[in-house]
Amino acid sequence: MKFSYTLLLSVVSIVAAAPAAAPAAAPEDSKKYLALPLVPSLNKTSHLARRNEPYPGDLKFTGSHYDLYIEMGSDKQGVMVELDTGSSDLWVCQSNGAGDKGFNPETSNSAHNMGHNFSITYVDQTTYQGPFYQDTVSFGKDGNEASLHDFQFAVIPIQDKLAGLLGIGPVANEATPPAYPNFIQALKDQGLISSRAFSIYLNINEKFHDGSIVFGGIDKAKYKGELVALPVTDDVSFGVDIKSFTVNGKTIDTNEPASFDTGTTYLSLTQEFGDALFNELGTAKYNTDADAYLVDSKDGYDQPIKLNFDGTSVELSLMDMYRDNIVDDNGNSLGPGFYIYRSKNVNYLGDSFLKNLYCVYNYETNELSIAPAVYTDETNIVAI
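Numbering (mature numbering (1 follows the signal peptide of the UniProt record, and there is no 0)), first residue to last: -17 to -1, 1 to 367.
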């Protein structure tokens, strides 16, 4: 997701309606998938301001984002990159040695400067720019290694928040034209997976600490029940529609777009959706200096809210976002409220939402399938 801050969300459960057909599995003898571990990062300040400004107070969900280890160049320089389903480019910081956690194209014999630049602007108006390169990008271990050759990515100046970010969204969401085969497209083009699809398991169980991503496949051990396929209504953000929400026994129609986005730690809501929700709960007023809904007290807000999608519902609580004392940008205390940043056009549901779900993003069928996550170290992977 390119343009939003974040907010804490606690998913209570999924309430499934009649399940849609799960993504079709490929024949066993032709299956091609790539399973990789996702490492949760516990540094709350490491995210980009576009989606992850830290809020005052201790947040209950401590993992700020999920990282994937890759190696770049002929000399296999290791970089931990944040996994982001809401963007579509790989960029890494320029490394100059001395312990820098990025990539130095000067030391790779296979690096090729493509002669044009990458550029992306975030919500705080910070712009990251740098040249596009082509080089080898490798990933995996213990017999599950793979490489993309002549893969395109950007190298930007060192910054203090991330060593890099791997966007695996649709090609249509790339930040800088002309379009090129991004990570998920290149995996298929170079024969490493059978379909432009992936499934994500974030995991919140300390016993089974790492999450996982399966490119081109599904891990059937990581969810219960049936996968429910939601039709994608926005090809760029790979968004689905929140048809309505239910609170206090009353259902309010919304038809609001939502993106299931690993690059967002918590969530952000559009003005229309946020105002409609809080109007049903009480008399909250939004303060733009604090990015928060201010309330007289938390009474009446500690009840489950059901988000109704096309074919399934997800129950959530707002109380994880509540603070006894909201502080604005100038350090002024404003009293009790809920920190919620306003996004412009799309509601972004981040890691604190996704950690309770198993999600399958299928660019071939234009569907996003979800089911309740099962926290286990068992695996049962099939190709899509």
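Don't be surprised by glycine CBs; every beta carbon is placed ideally from N, CA and C.
Look up Asn349 in the DSSP assignment and say whether it is helix, strand or coil.
As a position in the sequence shown, residue 349 is number 366, starting the count at 1. Coil, per DSSP.
Identify whether Gln254 lies in helix, strand or coil by the three-state DSSP scheme.
Here residue 254 refers to the residue found at position 271 when the sequence shown is read from its first residue. Looking at Gln254 - three-state DSSP - the assignment turns out to be helix.
Distance, Cα to Cα, Glu361 vs Val278?
Taking the first residue of the sequence shown as 1, we reach residue 361 at position 378. Taking the first residue of the sequence shown as 1, we reach residue 278 at position 295. Taking the straight line from one Cα to the other gives about 45 Å.
Contact check, Leu149 vs Val64, beta carbons under 8 Å
On the sequence shown, position 166 is the one that residue 149 refers to. On the sequence shown, position 81 is the one that residue 64 refers to. In contact: Leu149 and Val64 (Cβ atoms closer than 8 Å).
Going by CA-CA distance only, name the one from Asn345, Pro88, Ile235 that's closest to Leu210.
Taking the first residue of the sequence shown as position 1, residue 210 is located at position 227. Considering only alpha carbons, the answer is Asn345.
Whole angstroms are fine: how far does the CA of Ala366 sit from the CA of Asp118?
Indexing the sequence shown from 1 puts residue 118 at position 135. Indexing the sequence shown from 1 puts residue 366 at position 383. Roughly 27 Å between the two C-alpha positions.
With a CB to CB cut of under 8 Å and the five nearest residues on each side skipped, what residues in its chain are close to Leu317?
Stepping through the sequence shown from its first residue, residue 317 is reached at position 334. The residues are Asn270, Ala273, Ala275, Leu277, Asn308, Ile309, Val310, Asp311.
What does Tyr324 pair with, by DSSP beta-bridge criteria?
Counting from 1 along the sequence shown, the entry for residue 324 is found at position 341. Beta-bridge pairing links Tyr324 to Ser251.
Looking at Ile196: is its Cβ nearer than 8 Å to the Cβ of Ser121?
On the sequence shown, residue 196 is found 213 positions in, with the first residue counted as 1. On the sequence shown, residue 121 is found 138 positions in, with the first residue counted as 1. It is not a contact, given that the beta carbons lie outside the stated cut-off.
Give, in chain order, every unbroken run of the alpha helix (DSSP H) that is at least 4 residues long and sits entirely within the stretch 163 to 220.
166 to 172
Measuring straight from C-alpha to C-alpha, what distance separates Thr90 and Leu131?
Here residue 90 refers to the residue found at position 107 of the sequence shown. Here residue 131 refers to the residue found at position 148 of the sequence shown. Approximately 19 Å between the Cα atoms of the pair.
Residues in its own chain within less than 8 Å of Val154 by CB, not counting five upstream and five downstream?
As a first step, residue 154 must be located in the sequence shown, where it is residue number 171. Within the same chain, Val154 has close Cβ partners Ser71, Ala162, Tyr163, Pro164, Asn165, Gln168.
Inter-stretch contact at 8 Å, needing at least 3 Cβ pairs: the stretch 240 to 247 / the stretch 325 to 333:
yes
Using DSSP's beta-bridge definition, name the partner residues of His48.
Indexing the sequence shown from 1 puts residue 48 at position 65. His48 pairs with Ser24.
Output the boundary residues of the beta strand (DSSP E) element that contains Ser224.
Taking the first residue of the sequence shown as position 1, residue 224 is located at position 241. Rather than Ser, the amino acid found at residue 224 in this sequence is Asp. Residues 223 to 230.
Do you know how far the Cα of Ile201 is from the Cα of Leu42?
Here residue 42 refers to the residue found at position 59 of the sequence shown. Here residue 201 refers to the residue found at position 218 of the sequence shown. Unreliable positioning characterises Leu42 in this predicted model, as indicated by a pLDDT of 31, which lies under 50. A coordinate reading is not provided.
Would Asn291 be called buried (16 or more neighbouring beta carbons within 10 Å of its own) or exposed?
As a first step, residue 291 must be located in the sequence shown, where it is residue number 308. Buried: at least 16 other Cβ atoms inside 10 Å.
Extent of the continuous beta strand (DSSP E) to which Leu277 belongs:
The residue labelled residue 277 in the question sits at position 294 within the sequence shown. From DSSP, the beta strand (DSSP E) with Leu277 extends over 275 to 277.
Applying the criterion that 16 or more other CB atoms from any shown protein chain within 10 Å of the CB defines a buried residue, is Asp125 buried or exposed?
The residue given as residue 125 occupies position 142 in the sequence shown. Asp125 counts as exposed, since fewer than 16 other C-beta atoms from the protein chains shown sit within 10 angstroms of its C-beta.
Near Thr159, what residues of its chain come up, given a Cβ to Cβ distance below 6 Å and the 5 sequence neighbours on each side ignored?
Start at 1 with the first residue of the sequence shown, and residue 159 comes out as number 176. Cβ neighbours of Thr159 within its own chain (closer than 6 Å, five residues either side excluded): Phe101, Ser102.
What does the alpha-carbon distance come out to for the pair Ala204 and Met97?
For the purposes of this step, residue 204 is identified with residue 221 of the sequence shown, where counting begins at 1. For the purposes of this step, residue 97 is identified with residue 114 of the sequence shown, where counting begins at 1. So the two alpha carbons sit approximately 42 Å from each other.
Which same chain residues, not among the five before or five after Asn156, have their C-beta less than 7 Å away from its C-beta?
Position 173 of the sequence shown holds residue 156. Within the same chain, Asn156 has close Cβ partners Ser70, Ser71, Val219, Ser220.
Beta-carbon proximity list for Glu263, same chain, < 6 Å, skipping 5 on both sides
Here residue 263 refers to the residue found at position 280 when the sequence shown is read from its first residue. Hits under 6 Å: Val230.
Just verifying my parser: in three-state terms, what is the DSSP assignment at Asn156?
Walking along the sequence shown from the start, residue 156 turns up at place 173. Note: Asn156 maps to helix in three-state DSSP.
Span separating the alpha-carbon of Phe198 from that of Ser182
In the sequence shown, residue 198 corresponds to position 215, counting from 1. In the sequence shown, residue 182 corresponds to position 199, counting from 1. If I take the Cα positions, the gap works out to 7 Å.
Would you mind stating whether Lys268 and Pro319 have Cβ atoms separated by less than 8 Å?
For the purposes of this step, residue 268 is taken as residue 285 along the sequence shown, with counting starting at 1. For the purposes of this step, residue 319 is taken as residue 336 along the sequence shown, with counting starting at 1. No, the pair does not count as a contact, with Cβ atoms beyond the cut-off.
Write down the C-beta distance between Val22 and Val75 rounded to the nearest angstrom, noting that I regard them as a contact closer than 8 Å.
What you label residue 22 is simply residue 39 of the sequence shown in a count that begins at 1. What you label residue 75 is simply residue 92 of the sequence shown in a count that begins at 1. With a Cβ gap of about 17 Å, Val22 and Val75 do not count as contacting.
If you measure between the beta carbons of Ile364 and Tyr16, is that distance less than 8 Å?
By 1-based counting over the sequence shown, the position of residue 364 is 381. By 1-based counting over the sequence shown, the position of residue 16 is 33. Contact: yes.
Please report the straight-line C-alpha distance between Gly314 and Gly283, rounded to a whole angstrom.
As a working mapping, residue 314 is identified with position 331 in the sequence shown. As a working mapping, residue 283 is identified with position 300 in the sequence shown. So the alpha carbons of these two residues sit roughly 27 Å apart.
Decide if Gln135 is buried, meaning its Cβ has at least 16 other Cβ atoms within 10 Å, or exposed.
Within the sequence shown, the letter at position 152 stands for residue 135. So Gln135 ends up on the buried side.
At what residues does the alpha helix (DSSP H) containing Ser57 begin and finish?
Translated into the one-based positions of the sequence shown, residue 57 becomes position 74. Here Ser57 belongs to no alpha helix (DSSP H), and DSSP marks it neither H nor E.
According to DSSP, is Pro161 part of a helix, a strand, or is it coil?
To locate residue 161, count along the sequence shown from 1; it is residue 178. Pro161 falls in the coil class under three-state DSSP.
What are the boundary residues of the beta strand (DSSP E) that includes Ser102?
On the sequence shown, residue 102 is found 119 positions in, with the first residue counted as 1. First-last of the beta strand (DSSP E) with Ser102: 95 to 104.
Which word fits Thr109, buried or exposed, when buried means at least 16 other C-beta atoms lie within 10 angstroms of its C-beta?
What you label residue 109 is simply residue 126 of the sequence shown in a count that begins at 1. Exposed, because fewer than 16 other Cβ atoms sit within 10 Å of the Cβ of Thr109.
Quick one, which of Asn349, Tyr249, Glu347, Thr266 has its alpha-carbon nearest Arg325's?
Walking along the sequence shown from the start, residue 325 turns up at place 342. That would be Tyr249, whose Cα lies nearest to the Cα of Arg325.
So is Glu239 buried or exposed if we call it buried at 16+ other beta carbons inside 10 Å?
As a position in the sequence shown, residue 239 is number 256, starting the count at 1. Buried, by the Cβ-count rule.
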